[in-house]
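To start, the structure itself, in structure tokens.
In the numbering used here, the protein residues as written are 445 to 523.
Right, here's the structure in full:
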């Protein structure tokens, strides 16, 4: 069994929960609509040392990756 400090988050995901609309009654015949939004949050914990941090990407690298993604896409129903 590993120590408590040797546990790290391997994955962190969110999911959609229920979306509920309710009527809230005010005075003088007025009303408002309440929106109750919920979400699911999943964390996968893994024992062992954390992975080494990734080097930060620069804006130029992000732009280059974005242009590459645009060029590699497939255009459907075109000439």
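We put the CB at the ideal spot given by N, CA and C, even for glycine.
Computed from a prediction, not measured in an experiment: that's the story for all the values here.
Extent of the continuous beta strand (DSSP E) to which residue i belongs
i           : result
residue 455 : 451 to 469
residue 489 : 475 to 491
Span of the alpha helix (DSSP H), counted from its first residue to its last, around residue i
i           : result
residue 503 : 503 to 516
Nearest candidate by alpha-carbon position, reference residue i, set the options
i           : options          : result
residue 482 : 517, 501 and 465 : 465
residue 479 : 485, 507 and 462 : 462
residue 486 : 460, 449 and 514 : 460
Residue i Cβ short of 7 Å to the ligand MG heavy atom set
i           : result
residue 449 : Questions concerning the ligand MG fall outside what the structure shown contains, since it holds no ligand whatsoever.
Whole-angstrom C-beta distance between residue j and residue i, which should lie under 8 Å
i           : j           : result
residue 451 : residue 491 : 6 Å
Are three or more beta carbon pairs between the segment 496 to 503 and the segment 452 to 470 nearer than 8 Å?
no
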